[in-house]
Amino acid sequence: MILAAVVVAIVAVAAVIARMRVSAIAASALNRLRGKRSGHGHETSTCQCGQKYRVSGLGRHRIYWPEGAPESEPLMIPVCANCERPLPTS
Ligand SMILES: [Zn+2]
420 MILAAVVVAI VAVAAVIARM RVSAIAASAL NRLRGKRSGH GHETSTCQCG
470 QKYRVSGLGR HRIYWPEGAP ESEPLMIPVC ANCERPLPTS
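In this note's numbering, each residue's number is its place in the sequence shown (first place is 1) plus 419.
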């Protein structure tokens with residue numbers, strides 16, 4: 420029967436979509452868990468002028484990257500690249 424084949428195909432596609440949704444949910448749950456682990460992962464910080472930064476490390480070892488900057492190009496000094504306000508170091 421052609422109809423049976425179509426039904427089987429639809430069920431197979433639905434199963435694939437369901438699996439994709441589950442993995443997307445699992446991935447976002449994992450990301451949320453990783454985000455809660457502060458200290459080692461990347462945090463974000465926003466300057467008073469609105470410039471966003473990615474932050475890694477703590478205290479004097481804090482490293483700032485302007486939003487979108489590659490990992491190899493952090494700020495050399497903790498001063499906002501946009502308005503030159505000092506960025507928090509604690
Ligand atoms: Zn700023």
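Note that the Cβ used here is the ideal one computed from N, Cα and C, for glycine as well.
Please read these numbers as outputs of a predicted model, since none were measured by experiment.
>> Please tell me whether, using a cut-off of 8 Å, the distance from the CB of G365 to the nearest non-hydrogen atom of ligand 1 is below it.
In response: Absent from the structure is residue 365, since the part of the chain shown begins at 420 and ends at 509.
> So, are the CB atoms of P505 and P497 less than 9 Å apart?
Replying inline: yes
> Using a threshold of 8 Å, is the CB atom of E486 nearer than that to any non-hydrogen atom of ligand 1?
Replying inline: no
> If you drop the 5 nearest sequence neighbours on each side, which residues of the same chain put their C-beta closer than 7 Å to that of V597?
Replying inline: For residue 597 there is no data in the structure shown, the boundaries of the chain being 420 and 509.
> Tell me which same chain residues have a C-beta within less than 7 Å of the C-beta of R479, skipping the five on either side of it?
Replying inline: T508
> Between E492 and ligand 1, is the CB less than 8 Å from at least one heavy atom?
Replying inline: no
> Mind checking whether the beta-carbon of R473 lies closer than 8 Å to any heavy atom of ligand 1?
Replying inline: no
> Can you give the Cα-Cα distance for A443 and I421, rounded to whole angstroms?
Replying inline: 33 Å
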